[in-house]
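Novice: Quick one: the structure is below, questions incoming.
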Amino acid sequence: MSEDIKCSQYDVKQNKILSHVFPLQASGRCQSIKENNVTHTICKEQDYLNERNIFNIFHFLLSHVIIHQPADPIQYLYELLDDFILFRSGLKEPRLLWTEKHLNAIFENILFHDSEFLPLDGFKTAMKTMGVRSYDPCPDQLVRGYVDRQTFCTEASNSMKNELLHMATETSRRT
């Protein structure tokens, strides 16, 4: 047994108790690793899901279902996955969660008073609200410290496309 992996009797007991709730842990394919008095459980299955962006893909799919609430969610998911595959192949534009209409509404809701410019803090808040994790925190500014509507919409749209492209290409490299 490696020096990094230490299993106490308590860990063994907990694994037996949890094996009814989490059958993968009982399969012996998980390891309990103790670092700085904190035990982490690492599974091969967890690594597989993370490496292939499965959680991100499910988040993408479920977000679309929640936002659009289609009458036939199975058919909608089928079409969304088909579009995702076509986007990954470069044959179709992505189906982004937020359209230009949504971006304009978010811009309007975060604006202060009658200004046509969004402060950088508001820009960051808008990106966080939309769930965009990777973006330029200091985009082009016509007025120092403020972002105009066009820049906001362009940055948001491009950032969403880049995140989706990253997710799609990382998934395809591993298959």
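Sequential numbering of the sequence shown, starting at 9, is according to the numbering used here. Cβ atoms here follow ideal geometry from the backbone N, Cα and C, with glycine treated the same way. Being a predicted model, the structure only gives us computed values, none of them experimental.
1) Just mark Ala79 as buried or exposed, buried being the case when its beta carbon has 16 or more other beta carbons within 10 Å.
2) For Phe205, which residues from the same chain have a beta carbon less than 7 angstroms from its beta carbon, with the 5 sequence-adjacent residues on both sides left out?
3) In the DSSP assignment, the beta strand (DSSP E) including Phe155 goes from what residue to what residue?
4) Under 8 angstroms between the Cβ atoms of Leu88 and Arg103?
5) With distances taken Cα to Cα, identify the nearest neighbour of Phe120 among Glu178, His67, Arg157 and His174.
6) Taking DSSP as the reference, what is the three-state secondary structure of Pro145?
7) Inspect the beta-carbon positions of Cys146 and Leu111 and report whether they are closer than 8 angstroms.
8) Given that a residue counts as buried once 16 or more other Cβ atoms are within 10 Å of its Cβ, and exposed if not, what is Glu163?
9) Thinking C-alpha only, which one of Gly139, Arg141, Phe115 and Ser142 is nearest Phe131?
10) Could you tell me if Phe66 is buried or exposed, where buried requires 16 or more neighbouring beta carbons within 10 angstroms of its beta carbon?
11) Ignoring anything shorter than 4 residues, give me the alpha helix (DSSP H) runs that lie fully in the region 43-86, in order along the chain.
12) Can you tell me which of Gly139, Ala176, Ala113 and Leu150 puts its alpha carbon nearest to the alpha carbon of Leu128?
13) Kindly give me the distance between the Cβ atoms of Phe125 and Tyr154, rounded to whole angstroms, as I take these residues to be in contact under 8 angstroms.
14) Consult DSSP for Phe5 and reduce its assignment to one of helix, strand or coil.
15) To which residues of the same chain is Leu69 closer than 7 angstroms at the C-beta, ignoring the five residues directly before and after it?
16) Please report how far the alpha carbon of Met175 lies from the alpha carbon of Ala134, in whole angstroms.
17) Can the beta-carbon of Arg152 be found closer than 8 angstroms to that of Glu171?
Specialist: Working from what's here:
1) Its Cβ having fewer than 16 others within 10 Å, Ala79 is exposed.
2) Past the boundaries of the shown model lies residue 205; the chain is included only from 9 to 183, so the question cannot be answered.
3) In the sequence on display, residue 155 carries Val and not Phe. Run containing Val155: Tyr154 to Asp156, per the beta strand (DSSP E) assignment.
4) Yes.
5) Closest option to Phe120, Cα to Cα, is Arg157.
6) DSSP places Pro145 outside both helix and strand once states are collapsed to three, so it counts as coil.
7) Cβ distance not < 8 angstroms, so Cys146 and Leu111 don't count as in contact.
8) Glu163 comes out buried.
9) Residue Phe115 is the option with its Cα nearest to Phe131.
10) Burial check for Phe66: the Cβ neighbour count within 10 Å stays below 16, so the residue is exposed.
11) Within the region 43-86, the alpha helix (DSSP H) runs of at least 4 residues that lie entirely inside it are, in chain order, 52-59 and 62-76.
12) Of Gly139, Ala176, Ala113 and Leu150, the residue nearest in Cα terms is Leu150.
13) At roughly 4 angstroms, the Cβ-Cβ gap stays under 8 angstroms, so Phe125 and Tyr154 are in contact.
14) What the structure shows of the chain is the stretch from 9 to 183, and residue 5 is not part of that stretch, so it cannot be assessed.
15) Excluding the 5 residues flanking it on each side, Leu69 has same chain C-beta neighbours closer than 7 angstroms at Leu85 and Leu88, in chain order.
16) In a straight line, the C-alpha of Met175 is about 22 angstroms away from that of Ala134.
17) Judged by their CB atoms, Arg152 and Glu171 are not nearer to each other than the 8 angstroms cut-off.
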